[in-house]
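Peer 1:
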Amino acid sequence: QMNFTGDQVLRILAKNEKQLSLLRDLEGLKPQKVDFWRGPARPSLPVDMRVPFSELKDIKAYLESHGLAYNVMIKDIQVLLDEEREAMAKSRR
Amino acid sequence: LERSTSSFSYSSYHTLEEIYTWIDNFVTEHSDIVSKLQIGHSFENRSILVLKFSTGGSRRPAIWIDSGIHSREWITHATGIWIARKIVSEYGKDRVVTDVLNAMDIFLEIVSNPDGFAYTHSMNRLWRKNKSSRPGIFCIGVDLNRNWKSGFGGNGSNNNPCSETYHGPSPQSEPEVAAVVDFIMSHGNVKALISIHSYSQMLMYPYGHSLEPVSNQEELYHLAKDAVQALYEVHGIEYIYGSISTTLYVASGITVDWAYDSGIKYSFSFELRDTGRYGFLLPAAQIIPTAQETWMAIQTIMVHTLHHPY
Numbered sequence: 040q041m042n043f044t045g046d047q048v049l050r051i052l053a054k055n056e057k058q059l060s061l062l063r064d065l066e067g068l069k070p071q072k073v074d075f076w077r078g079p080a081r082p083s084l085p086v087d088m089r090v091p092f093s094e095l096k097d098i099k100a101y102l103e104s105h106g107l108a109y110n111v112m113i114k115d116i117q118v119l120l121d122e123e124r125e126a127m128a129k130s131r132r
Numbered sequence: 261l262e263r264s265t266s267s268f269s270y271s272s273y274h275t276l277e278e279i280y281t282w283i284d285n286f287v288t289e290h291s292d293i294v295s296k297l298q299i300g301h302s303f304e305n306r307s308i309l310v311l312k313f314s315t316g317g318s319r320r321p322a323i324w325i326d327s328g329i330h331s332r333e334w335i336t337h338a339t340g341i342w343i344a345r346k347i348v349s350e351y352g353k354d355r356v357v358t359d360v361l362n363a364m365d366i367f368l369e370i371v372s373n374p375d376g377f378a379y380t381h382s383m384n385r386l387w388r389k390n391k392s393s394r395p396g397i398f399c400i401g402v403d404l405n406r407n408w409k410s411g412f413g414g415n416g417s418n419n420n421p422c423s424e425t426y427h428g429p430s431p432q433s434e435p436e437v438a439a440v441v442d443f444i445m446s447h448g449n450v451k452a453l454i455s456i457h458s459y460s461q462m463l464m465y466p467y468g469h470s471l472e473p474v475s476n477q478e479e480l481y482h483l484a485k486d487a488v489q490a491l492y493e494v495h496g497i498e499y500i501y502g503s504i505s506t507t508l509y510v511a512s513g514i515t516v517d518w519a520y521d522s523g524i525k526y527s528f529s530f531e532l533r534d535t536g537r538y539g540f541l542l543p544a545a546q547i548i549p550t551a552q553e554t555w556m557a558i559q560t561i562m563v564h565t566l567h568h569p570y
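From first to last, the protein sequence lines are chains A and B. Each residue of the first sequence is one higher than the one before, counting from 40 in the numbering used here. Each residue of the second sequence is one higher than the one before, counting from 261 in the numbering used here.
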């Protein structure tokens with residue numbers, strides 16, 4: 040099983056189309072690093088992006104340097120995955 | 261392996277093996293109204309199974325429901341399983357379900373992407389695509405919701421095999437998509453198609469590949485509005501609704517566009533809840549409430565289809 044310890048999901052609220060395209064650029068800048076759970080669609084919709092722990096610093100710096108407001112939607116993915124796995128095991132028992 | 265569905269937990273997530281065992285038990289226990297069809301094999305040669313709910317007749321008008329085309333969206337498979345049980349438990353009691361099943365068949369494909377789903381349990385919980393591989397291509401998997409013929413390869417899909425929205429080498433190149441296309445086209449009388457995804461709390465209809473409104477846009481808009489209202493009344497979860505390209509983003513090669521272009525006027529795509537903070541990792545405690553609210557929306561669409569034959 041892949042481990043997602045420290046990976047976070049950031050929820051980003053792009054103010055306009057320009058900021059959305061900055062987010063789309065990320066997929067090219069960091070190929071196979073950022074995983075859009077909710078892709079950049081329109082300014083009225085949030086963008087949710089899973090970021091590996093190793094890329095967090097870079098990505099947050101990129102967002103802040105471009106004035107992209109974000110919050111941490113999931114602080115550590117692996118914690119939720121462990122809870123999910125435990126719930127499945129418990130149910131099976 | 262479980263010997264009956266009575267000990268199956270509908271409020272938990274399950275592995276592919278558990279779901280396939282449940283399907284066998286479920287069909288055995290409700291053989292008067294449910295049968296299991298194998299419509300093909302996945303890339304890694306797993307069976308692609310469809311539940312058929314029928315009270316008789318032949319080639320009746322039908323409703324197609326699928327879940328799990330994106331494997332990490334576990335809430336969709338769980339919702340599909342719950343809906344299957346709801347249909348058999350309500351037939352003969354609930355007027356809507358009884359009326360629908362006395363006139364139409366329902367086909368339910370709970371695991372549309374079995375290889376990807378198995379992979380989310382074995383290796384990568386956040387895997388989205390199928391598991392196809394081709395000589396000379398470094399990355400694995402095609403986004404099955406970009407591999408349909410309608411608008412194939414257009415905006416909102418990616419030609420890069422490493423992308424999460426890679427559309428594949430050609431339309432219906434993926435066995436998981438080709439199996440459904442062949443089944444629906446050979447059936448020839450499917451009147452509604454509902455494809456269940458997660459997340460972001462939306463109910464959408466074609467088109468995704470273009471901003472051009474479909475011919476019965478007005479009807480679909482009001483039907484989506486009614487369905488979303490029925491969903492909201494269960495647990496107060498708010499959805500937005502509209503055509504895919506104007507509500508979410510342009511996406512090409514998607515299931516509901518292909519269905520609509522194949523003559524299925526009532527084609528919808530659900531993006532189920534995450535209640536704003538769990539994304540694909542919705543806790544199992546939310547399976548039942550999610551399924552309950554989704555069922556009310558699906559019933560709304562089924563009734564409309566029943567009352568508006570074409």
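No residue lacks a Cβ here, since even glycine has one placed at the ideal position from N, Cα and C. Please read all numbers here as calculations on a predicted model, not as lab measurements.
Determine, using beta carbons only, whether Tyr499 of chain B and Met556 of chain B come nearer to each other than 8 Å.
Peer 2: The residue labelled residue 499 of chain B in the question sits at position 239 within the second sequence. The residue labelled residue 556 of chain B in the question sits at position 296 within the second sequence. No, Cβ-Cβ distance for Tyr499 of chain B and Met556 of chain B is not below 8 Å.
Peer 1: Cβ of Met386 of chain B within 8 Å of Cβ of Asp87 of chain A?
Peer 2: For this step, residue 386 of chain B is matched to residue 126 along the second sequence. For this step, residue 87 of chain A is matched to residue 48 along the first sequence. Correcting the residue identity first, residue 386 of chain B is Leu in this sequence and not Met. For Leu386 of chain B and Asp87 of chain A, no; Cβs fall outside 8 Å.
Peer 1: Quick one: which chain A residues come within Cβ less than 7 Å of Leu508 of chain B?
Peer 2: Sequence index remark: in the second sequence, residue 508 of chain B carries index 248 (1-based). Here the neighbours are Ala80.
Peer 1: Quick one: what's got a C-beta closer than 6 Å to Ala519 of chain B's C-beta in the same chain, skipping five residues either side?
Peer 2: Stepping through the second sequence from its first residue, residue 519 of chain B is reached at position 259. So the list reads Leu453 and Ser527, once near-sequence residues are dropped.
Peer 1: For Arg605 of chain B and Phe540 of chain B, what's the separation of their Cα atoms in angstroms?
Peer 2: Since the first residue shown for chain B is 261 and the last is 570, residue 605 of chain B is missing from the structure and cannot be characterised.
Peer 1: In the structure shown, what three-state DSSP assignment does Gln432 of chain B receive?
Peer 2: Looking up residue 432 of chain B in the second sequence gives position 172. Residue state, collapsed to three classes: coil.
Peer 1: Quick check: what's the CA-CA separation for Val118 of chain A versus Ser271 of chain B?
Peer 2: By one-based count along the first sequence, residue 118 of chain A stands at place 79. By one-based count along the second sequence, residue 271 of chain B stands at place 11. Near 20 Å, if we compare the C-alpha coordinates of Ser271 of chain B and Val118 of chain A.
Peer 1: Could you spell out where the beta strand (DSSP E) holding Trp555 of chain B opens and where it closes?
Peer 2: Residue 555 of chain B sits at position 295 when you count from the first residue of the second sequence. Looking at the DSSP string, Trp555 of chain B is not in any beta strand (DSSP E); the run it does join, the alpha helix (DSSP H), is Ile547 to His567.
Peer 1: What does Asn384 of chain B reach in chain A if we use C-beta pairs closer than 7 Å?
Peer 2: Here residue 384 of chain B corresponds to residue number 124 of the second sequence, with the count starting at 1. Residues of chain A passing the Cβ test: Met41.
Peer 1: Could you have a look at Leu471 of chain B and say whether DSSP puts it in helix, strand or coil?
Peer 2: To locate residue 471 of chain B, count along the second sequence from 1; it is residue 211. Coil at Leu471 of chain B, not helix or strand.
Peer 1: Taking all protein chains shown into account, decide if Arg77 of chain A is buried (16 or more other Cβ within 10 angstroms of its Cβ) or exposed.
Peer 2: For this step, residue 77 of chain A is matched to residue 38 along the first sequence. Buried is the call here.
Peer 1: Report the residue ranges of all alpha helix (DSSP H) runs contained in full by the stretch 272-302 of chain B; include only those spanning at least 4 residues, in chain order.
Peer 2: 276-289
Peer 1: As a quick exercise: from B:Lys451, B:Glu369, B:His469 and B:Asn373, pick the residue whose alpha carbon is nearest that of Ser410 of chain B.
Peer 2: As a working mapping, residue 410 of chain B is identified with position 150 in the second sequence. Per the Cα distances, B:His469.
Peer 1: Taking the alpha carbon of His447 of chain B as the reference point, which residue from B:Phe530, B:Ala322 and B:Asn305 has its own alpha carbon closest?
Peer 2: As a working note, residue 447 of chain B is residue 187 in the second sequence. The candidate whose alpha carbon is nearest that of His447 of chain B is B:Ala322.
Peer 1: Round the Cβ separation of Val494 of chain B and Gln552 of chain B to the nearest angstrom and send it over; I've been treating them as touching at under 8 Å.
Peer 2: As a working note, residue 494 of chain B is residue 234 in the second sequence. As a working note, residue 552 of chain B is residue 292 in the second sequence. Their Cβ separation, rounded to whole angstroms, is 5 Å, which keeps Val494 of chain B and Gln552 of chain B in contact under 8 Å.
Peer 1: Contact check, Leu566 of chain B vs Met364 of chain B under 8 Å by CB: the rounded distance?
Peer 2: In the second sequence, residue 566 of chain B corresponds to position 306, counting from 1. In the second sequence, residue 364 of chain B corresponds to position 104, counting from 1. Indeed, because the Cβ distance is near 6 Å, the residues count as touching under 8 Å.
Peer 1: Taking the alpha helix (DSSP H) that Leu65 of chain A belongs to, which residues open and close that run?
Peer 2: For the purposes of this step, residue 65 of chain A is taken as residue 26 along the first sequence, with counting starting at 1. Its alpha helix (DSSP H) spans residues Glu56 to Leu68.
Peer 1: Determine contact between the stretch 504-520 of chain B and the stretch 401-419 of chain B, defined as no fewer than three beta-carbon pairs at a distance below 8 Å.
Peer 2: Yes, since at least three Cβ pairs between the stretch 504-520 of chain B and the stretch 401-419 of chain B fall closer than 8 Å, the two stretches touch.
Peer 1: Using the three-state DSSP reduction, which class does Leu107 of chain A fall into: helix, strand or coil?
Peer 2: Your numbering for residue 107 of chain A matches position 68 in the first sequence. Coil at Leu107 of chain A, not helix or strand.
Peer 1: Quick one: complete beta strand (DSSP E) runs, 3+ long, within the stretch 438-520 of chain B?
Peer 2: The stretch 438-520 of chain B contains these whole beta strand (DSSP E) runs: 450-458, 462-465 and 500-503.
Peer 1: Only counting the same chain, and skipping five residues up and downstream in sequence, which positions put a Cβ closer than 8 Å to that of Ser460 of chain B?
Peer 2: Numbered from 1 along the second sequence, position 200 holds the residue referred to as residue 460 of chain B. Here the set comprises Leu508, Glu531 and Asp534.
Peer 1: Would you say Ser295 of chain B touches the ligand PLP, meaning its beta carbon is less than 7 Å from a heavy atom?
Peer 2: In the structure shown, the ligand PLP is absent, as is every other ligand, since no ligand is present at all.
Peer 1: Please work out which residues of its chain come closer than 7 Å, Cβ to Cβ, to Thr425 of chain B, disregarding the five sequence neighbours upstream and downstream, and give them in chain order.
Peer 2: Looking up residue 425 of chain B in the second sequence gives position 165. Excluding residues within five positions, the ones whose Cβ falls inside 7 Å are Asp403, Arg406, Ser417 and Asn418.
Peer 1: Using the beta-carbon count (16 or more within 10 Å), is Ser374 of chain B buried or exposed?
Peer 2: On the second sequence, residue 374 of chain B is found 114 positions in, with the first residue counted as 1. For the record, residue 374 of chain B in the displayed sequence is Pro; it is not Ser. Pro374 of chain B should be labelled buried.
Peer 1: For Glu304 of chain B, name the three-state secondary structure that DSSP assigns.
Peer 2: Locating residue 304 of chain B in the second sequence gives position 44, where the first residue counts as 1. It is coil, neither helix nor strand.
Peer 1: Step through the CB atoms of chain B and report whether any lies within less than 8 Å of the CB of Ser60 of chain A.
Peer 2: Within the first sequence, numbered from 1, the residue matching residue 60 of chain A stands at position 21. Ser60 of chain A does not count as touching chain B.
Peer 1: Which residue wins for smallest C-alpha separation from Asp359 of chain B, given the options B:Ile347, B:Leu368, B:Glu369 and B:Ile370?
Peer 2: Numbered from 1 along the second sequence, position 99 holds the residue referred to as residue 359 of chain B. Of B:Ile347, B:Leu368, B:Glu369 and B:Ile370, the residue nearest in Cα terms is B:Ile347.
Peer 1: Report yes or no: do three or more beta-carbon pairs, one from the stretch 429-438 of chain B and one from the stretch 473-490 of chain B, lie closer than 8 Å?
Peer 2: Contact between the stretch 429-438 of chain B and the stretch 473-490 of chain B is absent: fewer than three C-beta pairs spanning the two stretches fall below 8 Å.
Peer 1: Grouping DSSP H, G and I as helix and E and B as strand, with all else coil, what is Tyr101 of chain A?
Peer 2: Here residue 101 of chain A refers to the residue found at position 62 of the first sequence. Secondary structure at Tyr101 of chain A: helix, using DSSP grouped into helix, strand and coil.
Peer 1: Are the C-beta atoms of Asp64 of chain A and some chain B residue less than 8 Å apart?
Peer 2: Taking the first sequence and counting its residues from 1, one reaches residue 64 of chain A at position 25. So, not an interface residue.
Peer 1: When you compare only the Cα positions, how much space is there between Tyr351 of chain B and Ser60 of chain A?
Peer 2: Mapped onto the second sequence, residue 351 of chain B falls at position 91. Mapped onto the first sequence, residue 60 of chain A falls at position 21. Looking at the two C-alpha atoms, the distance is approximately 50 Å.
Peer 1: How far does the alpha helix (DSSP H) with Ala126 of chain A in it extend, from its first residue to its last?
Peer 2: The residue given as residue 126 of chain A occupies position 87 in the first sequence. That run of the alpha helix (DSSP H) goes Ile116 to Arg131.
Peer 1: Which partner residues does Lys391 of chain B have in the DSSP bridge list?
Peer 2: The count along the second sequence starts at 1 and reaches residue 391 of chain B at position 131. Lys391 of chain B is not bridged to any residue.
Peer 1: Should the stretch 53-70 of chain A be called in touch with the stretch 93-111 of chain A, which here means at least 3 C-beta pairs below 8 Å?
Peer 2: yes
Peer 1: Compare the beta carbon distance of Leu361 of chain B and Thr288 of chain B with 8 Å and say whether it is the shorter of the two.
Peer 2: For this step, residue 361 of chain B is matched to residue 101 along the second sequence. For this step, residue 288 of chain B is matched to residue 28 along the second sequence. No, the Cβ-Cβ distance between Leu361 of chain B and Thr288 of chain B is not below 8 Å.
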